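Below is one structure, written out as structure tokens; the observations come after it.
2 protein chains.
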Amino acid sequence: MQFSPLIKELIDAFKILPGVGPKSAQRMAFHLLERNRQGALQLSHVLHNAMEHVKHCEQCRTFCENKLCEICANPKRQENQTLCIVESPQDMLAVEQTSEFKGRYFVLMGHLSPIDGIGPAEIGLEQLSQILENDDITEVILATNPTVEGEATAHYIAQMCKTQTIKASRIAHGVPVGGELEFIDGNTLTHAFNGRRDI
Amino acid sequence: MQFSPLIKELIDAFKILPGVGPKSAQRMAFHLLERNRQGALQLSHVLHNAMEHVKHCEQCRTFCENKLCEICANPKRQENQTLCIVESPQDMLAVEQTSEFKGRYFVLMGHLSPIDGIGPAEIGLEQLSQILENDDITEVILATNPTVEGEATAHYIAQMCKTQTIKASRIAHGVPVGGELEFIDGNTLTHAFNGRRDI
Chain A
1 MQFSPLIKEL IDAFKILPGV GPKSAQRMAF HLLERNRQGA LQLSHVLHNA MEHVKHCEQC
61 RTFCENKLCE ICANPKRQEN QTLCIVESPQ DMLAVEQTSE FKGRYFVLMG HLSPIDGIGP
121 AEIGLEQLSQ ILENDDITEV ILATNPTVEG EATAHYIAQM CKTQTIKASR IAHGVPVGGE
181 LEFIDGNTLT HAFNGRRDI
Chain B
1 MQFSPLIKEL IDAFKILPGV GPKSAQRMAF HLLERNRQGA LQLSHVLHNA MEHVKHCEQC
61 RTFCENKLCE ICANPKRQEN QTLCIVESPQ DMLAVEQTSE FKGRYFVLMG HLSPIDGIGP
121 AEIGLEQLSQ ILENDDITEV ILATNPTVEG EATAHYIAQM CKTQTIKASR IAHGVPVGGE
181 LEFIDGNTLT HAFNGRRDI
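As you go down the protein sequences, you meet chains A and B in turn. For what it's worth, full-length UniProt numbering labels the leading residue of the first sequence as 1, then goes sequentially. For what it's worth, full-length UniProt numbering labels the leading residue of the second sequence as 1, then goes sequentially.
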């Protein structure tokens, strides 16, 4: 015996979610069928809507349903001559939540990774090049992740800025605030020592 | 800044799934938006379909989209005079996967739990009573979970069988096959000793 066709289809459909295997998918399907059909219909509706209408912001490439995202549509933010480059919309939100940065963003939606076929065109560097050329940008802050790919991407973009004689800076790597030296990996500590500042 | 309204709605909608908190919901939403819009549309479609069309089998109360489930629609299974009582469709599948039991099922879709307002009517015991009365059942196997509520439910149904003079049996509790005595809890070991059989 197996579950009825519709239930099997539902369990299979849930398996596309990240971190969801056959057992979790089964649990999700039965949970909704037994206890929250209204919520499931709502999820179905919202999911359809989001997939149909969420596009990329025409200026910064983050996800949004309008032509421009909230930040790109804000004239105050656009006057600022600093451009922060991040890998994903989630990274953009993390920077925003510090309320520290008041400039514009550019979201790569990934990082350079030739082995996966992701080159400059795939992460929108042509569009970035036009922004650097036409808009009045004085500093580019490279906030890509401190991974091998993130560093390579930052290096590539720094070179682009150099040809346009725009200042490029990289966010600091070091000991996280509240972290304990004992548990920090050697690589990070080396960065923290090299990046030391006078007090 | 926050994510755009549609993305926020999508993240909130994912939070209804069991075991999914704000961070997992965000990961799911962005994973689908970035990498699998086709799969997400399919999930939306299947979810809607399942919630609209999956009902309970009219005879055994398991989930299915037809009047009768696969087992209740099978005349061979219906001729068998044994009725197995389980708490959920998942339990029914677990029993089926042993290929050991060839009779009919009755799925309670829960267990007696007066504190949550779940009485005999909520777990379909009126329907079960009619089956015991009208159909030709000679033995009822009580395969509810070995929890306090499961035991209470089994006891209640055993009493129902007694009034109809139908034999009722409870599945054995004891040491799981492949388990090691060292790691078995005392309660289970007591059951295993009390339920010992001659060899």
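Even glycine gets a Cβ: it sits at the ideal position worked out from N, Cα and C. Owing to the predicted nature of the structure, the values given are computational and were not obtained by experimental measurement.
Cβ-Cβ separation, residue j to residue i (assumed contact under 8 Å), whole Å
{"i": "B/A50", "j": "A/I16", "result": "Actually they do not touch by this definition, with Cβ atoms about 15 Å apart."}
{"i": "A/I85", "j": "A/V140", "result": "6 Å"}
{"i": "A/M92", "j": "A/T62", "result": "6 Å"}
{"i": "A/V20", "j": "B/L10", "result": "Not confirmed; about 16 Å, so no contact."}
{"i": "A/H48", "j": "B/S44", "result": "4 Å"}
Among the options, nearest to residue i - alpha-carbon criterion
{"i": "A/P146", "options": "A/A158, A/G174, A/Q127", "result": "A/G174"}
{"i": "A/F30", "options": "B/E126, B/A29, B/T138, B/E87", "result": "B/E87"}
{"i": "B/G103", "options": "B/P75, B/Q159, B/L181", "result": "B/P75"}
{"i": "B/L112", "options": "B/F106, B/Y105, B/P120", "result": "B/P120"}
{"i": "B/Y105", "options": "B/I184, B/P89, B/I115", "result": "B/P89"}
{"i": "B/E70", "options": "B/E96, B/L10, B/G117, B/M28", "result": "B/E96"}
{"i": "B/T153", "options": "B/G110, B/M28, B/Q38", "result": "B/G110"}
{"i": "A/G39", "options": "B/H155, B/D12, B/Q26, B/A158", "result": "B/D12"}
Chain-order list of residues whose beta-carbon lies under 7 Å from that of residue i (same chain, five-residue window excluded)
{"i": "A/L68", "result": "C57, E58, Q59"}
{"i": "A/S129", "result": "M160"}
Endpoints, the alpha helix (DSSP H) within which residue i is located
{"i": "A/T190", "result": "186-194"}
{"i": "B/C161", "result": "148-163"}
{"i": "A/I11", "result": "5-14"}
{"i": "A/V86", "result": "Per DSSP, A/V86 belongs to no alpha helix (DSSP H); it is in the beta strand (DSSP E), 82-86."}
{"i": "B/R104", "result": "Here B/R104 belongs to no alpha helix (DSSP H); instead the beta strand (DSSP E) covers 104-107."}
{"i": "B/Q97", "result": "Counting along the chain, B/Q97 falls outside any alpha helix (DSSP H), and DSSP gives it neither H nor E."}
{"i": "B/R77", "result": "75-79"}
Beta strand (DSSP E) segment containing residue i, residue limits
{"i": "A/A50", "result": "It is not in any beta strand (DSSP E) - A/A50 instead sits in the alpha helix (DSSP H) that spans 37-53."}
{"i": "B/L142", "result": "139-142"}
{"i": "A/K167", "result": "167-170"}
Cα-Cα separation between residue i and residue j, rounded to whole angstroms
{"i": "A/K167", "j": "A/A143", "result": "14 Å"}
{"i": "B/R196", "j": "B/I171", "result": "13 Å"}
{"i": "B/F14", "j": "B/E126", "result": "37 Å"}
{"i": "A/N134", "j": "A/R77", "result": "17 Å"}
{"i": "A/L33", "j": "B/V54", "result": "8 Å"}
{"i": "A/I131", "j": "A/L83", "result": "10 Å"}
{"i": "B/E100", "j": "A/S4", "result": "21 Å"}
{"i": "B/N194", "j": "B/P18", "result": "38 Å"}
{"i": "A/C72", "j": "A/Q81", "result": "13 Å"}
{"i": "A/A192", "j": "A/I115", "result": "30 Å"}
{"i": "B/G186", "j": "B/D136", "result": "40 Å"}
{"i": "B/L41", "j": "B/Q2", "result": "24 Å"}
{"i": "A/L181", "j": "B/E52", "result": "56 Å"}
{"i": "A/I184", "j": "B/T98", "result": "51 Å"}
Same chain, Cβ closer than 8 Å to residue i, five either side skipped, listed in chain order
{"i": "B/T188", "result": "H173, G174, V175"}
{"i": "A/S24", "result": "F14"}
{"i": "B/C64", "result": "V54, K55, H56, C57, E70"}
{"i": "B/I118", "result": "G110, H111, L112"}
Same chain, Cβ closer than 6 Å to residue i, five either side skipped, listed in chain order
{"i": "B/L108", "result": "E87, I123"}
{"i": "B/A94", "result": "none"}
{"i": "A/M28", "result": "F14"}
{"i": "A/N66", "result": "none"}
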